Structures are given as structure tokens and as C-alpha cells.
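This report concerns only the one structure given below.
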Amino acid sequence: MKNIQISPSILSADFSQLGSEIKRLEEGGADMIHVDVMDGHFVPNLTIGPPVIKALRKHSSLKFDVHLMISPVHKYIDAYADAGADIITIHPEATENLENSIKRIKEKNKKVGVSLNPETKIDLIIDLLDQIDLVLIMSVNPGFGGQKFMPEVLDKIKELKKIRERKKLDFDIEIDGGINFDNCKSAIDAGANILVSGTTVFKSNDGDIKKNINLLKLK
Ligand code: DX5
Ligand code: ZN
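If you read the sequence shown in our numbering, its first letter stands for residue 3, the second for the next number, and so on.
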């Protein structure tokens with residue numbers, strides 16, 4: 003049974019204070035930092051890129067769980083790896099050759115994540131699961147924080163967990179989008195062991211990050 007980890011999304015942080023915001027997350031008990039990179043092309047929103055990640059790197063020793071919602075993604079993998087990403091998660095629809103992109107992330111000695119949008123089927127990646135360290139299941143359509151959780155993706159998590167057991171693999175299952183105190187238990191029970199959360203971590207309980215992280219961990 004994998005430990006439950008919380009990866010708070012800085013998309014909901016105060017972008018004018020990102021350095022101190024990630025320090026607050028670390029002090030609040032975050033297990034890693036979820037960095038949402040958006041290019042205004044793969045998703046209808048634009049956030050940050052390698053220079054910001056490089057600048058943030060020295061402010062935290064936590065793993066940077068970098069979610070690349072950008073396309074084309076392959077030619078930018080090196081830049082995010084060199085900027086300080088520890089986990090690089092890409093969307094299959096954003097690369098011409100998913101296996102090549104997975105290989106490139108590994109060549110840069112980073113953990114490989116692949117993200118499935120709510121409509122994207124597991125079939126798309128099933129033959130590559132043995133090369134993947136983390137599957138990120140989107141429970142919203144990517145692009146914005148604060149969206150409504152889509153419970154139908156829980157079935158995908160249950161199916162993925164069964165496949166992992168059948169193939170005797172060990173990848174992490176991360177869920178991302180609309181995670182809050184009402185749905186975190188069903189996400190964990192379905193098989194997610196890493197929960198991404200932006201709005202709930204930063205905005206609930208008057209912004210008490212430590213309390214919010216512990217509540218999401220069912221503590
Ligand atoms: C959405 C991002 C998510 C989002 C989560 O495209 O990938 O990480 O920021 O934010 P909340 O927890 O507010 O839904
Ligand atoms: Zn994300």
C-alpha cells in the first residue's frame with residue numbers, strides 16, 4: 003500500500019510571491035510541489051516556463067512535480083529537466099511519439115509522468131506502462147484551477163490499479179483537478195496515492211496549509 007502524498011498546485015498560489023509560497027507549502031507538509039505549465043496552445047491558459055522553475059528551484063528541496071500542458075512538448079523536455087523538474091509529466095496528445103518522449107525524460111534522469119485527460123482512454127498508454135513512473139489522471143479538463151471534480155474518472159483509476167496489479171508494475175497514480183475534502187477519500191479508495199490540489203490547499207480554512215494538507219490525507 004503506497005503512502006498518500008499531497009502535491010499542492012502553485013497555480014492557486016500568489017504568483018507575485020511564488021518563492022515564499024513554495025516555502026509555505028514545504029513548511030505546511032507538502033510532499034512535493036505541483037507546477038502547472040501551460041502554453042495557451044495545448045490549453046487555453048498561459049502560466050510559467052523554465053526561467054521561473056529555475057528561479058524557484060533554490061527556494062525548496064521538495065520534488066518539483068512538473069505538469070507540462072504544452073504542445074509540441076518533446077523539444078522542451080530538456081529545458082524543464084535542466085531548470086530543475088524532478089518529475090516531468092506530459093500528455094500523449096502533445097507529442098508525435100510518446101515512447102521517444104518518455105525515453106528523453108529518462109535520458110535526463112527524471113521521473114516520467116503521463117497524464118490522461120478525462121476523455122482519454124488508458125488504452126493509449128497501456129503498452130508503455132512499464133516505462134512510466136507516474137500516471138496523472140485528470141479529474142477536470144486541463145487549463146484552470148477551481149474547476150468542478152469529475153467523479154467519472156474514478157473508474158479509470160480503479161481500472162488502472164487493476165492493470166498495475168496484473169502487470170506487477172509499481173507506478174504512482176496521481177489525480178489532479180477539483181480535489182477537496184468531500185472527494186479526497188473516494189479518490190484514495192479508488193487507488194490514487196498522490197493528490198494534486200490547488201484551491202483546497204491554498205483557500206480552505208483561511209489558508210491554513212498544514213491543516214488542509216492533513217485533511218486531504220484523511221489525518
Ligand atoms: C489544471 C491543473 C491542476 C489544477 C488543480 O489544468 O492541471 O493542477 O491547477 O487546481 P484545483 O485543485 O484548484 O482544481
Ligand atoms: Zn496539474
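No residue lacks a Cβ here, since even glycine has one placed at the ideal position from N, Cα and C. Please read these numbers as outputs of a predicted model, since none were measured by experiment.
Would you mind stating whether residue i and residue j have Cβ atoms separated by less than 9 Å?
| i | j | result |
| --- | --- | --- |
| residue 6 | residue 219 | yes |
| residue 15 | residue 204 | yes |
| residue 215 | residue 31 | yes |
| residue 73 | residue 87 | no |
| residue 162 | residue 115 | no |
| residue 141 | residue 200 | no |
| residue 25 | residue 61 | yes |
| residue 165 | residue 131 | yes |
| residue 10 | residue 50 | no |
| residue 71 | residue 40 | yes |
| residue 139 | residue 113 | no |
| residue 82 | residue 55 | yes |
With DSSP run on the structure shown, which of helix, strand or coil describes residue i?
| i | result |
| --- | --- |
| residue 110 | coil |
| residue 115 | strand |
| residue 142 | coil |
| residue 177 | strand |
| residue 8 | strand |
| residue 190 | helix |
| residue 199 | strand |
| residue 48 | strand |
| residue 149 | coil |
| residue 21 | helix |
| residue 127 | coil |
| residue 132 | helix |
| residue 61 | coil |
So if DSSP puts residue i in a beta bridge, which residue, or which two residues, is it bridged to?
| i | result |
| --- | --- |
| residue 69 | 38 and 91 |
| residue 137 | 116 and 175 |
Kindly examine the ligand DX5 and report whether one of its heavy atoms sits closer than 8 Å to the Cβ of residue i.
| i | result |
| --- | --- |
| residue 54 | no |
| residue 133 | no |
| residue 122 | no |
| residue 46 | no |
| residue 209 | no |
| residue 90 | no |
| residue 284 | With the chain covering 3 to 221 only, the question about residue 284 has no answer from this structure. |
| residue 13 | yes |
| residue 17 | no |
Cβ of residue i less than 9 Å from any chain B Cβ?
| i | result |
| --- | --- |
| residue 139 | In the structure shown, chain B does not exist; there is a single protein chain. |
Could you check if residue i belongs to the surroundings of the ligand PLP, using beta carbon to heavy atom distance under 8 Å?
| i | result |
| --- | --- |
| residue 97 | Among the ligands present in this structure, namely the ligand DX5 and the ligand ZN, the ligand PLP is not found. |
Any residue with its Cβ nearer than 6 Å to a heavy atom of the ligand ZN should be included. What is that list in chain order? 11, 36, 38, 69, 178 and 198
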